[in-house]
Amino acid sequence: MSDIFTLESRDPEHYRQATRKSNMIIMLTFALVAMALATLSVRVFGSPEGGNFVWNLGGVLAGVLVTTAIFKLYYWHQPWMDEAKYGWQLKRSLMSVTNILHEVKAGVERDNPTAMRVMRFYHQGLEQMYRLENNQSELHDLQQESASHRDKMLAQGLEADQPSLDPRWIEQLKPAKKSKR
């Protein structure tokens, strides 16, 4: 994660519909490519007596590679992938915080302003992800903790709206790496 990620307003219903569509396109692409390559490998290299499992498997594995290439080189840049890309970036940003959550929480306990901002972004990002994915149970569970943290930030004179995550904040909060001897 090298760029600042900023939360964007997204309609949950549109998000779910668009991500279902992009997932279906990718799955259909894989199914067609894998079947075609498995069939081709059996016809070219297989035996008429049977026992072509290896050639079928090779075709399917080649299908994975070809589908991955199609995805990265073509699909990723299509407008119908925008919602899925945003969701992936949101989850990746949240995971970068989750990976150091222990340090973030310790920083919040010490009233570290950077840790406070990261935790607020984390709460806002999780809330958005839960809304986009229609996970009302998790959203409900998070809201009290999020409101409490927001109130603590306001009491300290910090801006409570943290829609962006700067990767430098993550680097500042990461524990110092221990040198190997």
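The sequence shown begins at 1 in UniProt numbering and counts up one residue at a time.
Even glycine gets a Cβ: it sits at the ideal position worked out from N, Cα and C.
With residue i as the anchor, note down where its alpha helix (DSSP H) starts and where it stops.
i: residue 38; result: 12-45
i: residue 116; result: 113-132
i: residue 143; result: 136-155
i: residue 95; result: 82-98
i: residue 185; result: It is not possible to answer for residue 185, since the shown part of the chain is limited to 1 through 181.
i: residue 103; result: 101-109
i: residue 70; result: 53-73
Report the option in the options whose CA atom is closest to the CA atom of residue i.
i: residue 94; options: 175, 153, 166, 110; result: 166
i: residue 169; options: 126, 142, 88, 121; result: 121
i: residue 145; options: 164, 87, 9, 127; result: 127
i: residue 18; options: 29, 6, 86, 39; result: 86
i: residue 75; options: 53, 110, 21; result: 21
i: residue 138; options: 9, 123, 104, 71; result: 123
i: residue 175; options: 52, 4, 103; result: 103
i: residue 161; options: 134, 51, 10, 125; result: 125
Below 8 Å between beta carbons: does that hold for residue i and residue j?
i: residue 158; j: residue 12; result: no
i: residue 37; j: residue 62; result: yes
i: residue 34; j: residue 59; result: yes
i: residue 118; j: residue 173; result: yes
i: residue 98; j: residue 67; result: no
i: residue 163; j: residue 7; result: yes
i: residue 42; j: residue 56; result: yes
i: residue 134; j: residue 16; result: yes
Query raised in the report: Taking one C-beta from the region 17-27 and one from the region 79-87 each time, how about it: are there three or more such pairs within less than 8 Å?
Result: The region 17-27 is in contact with the region 79-87.
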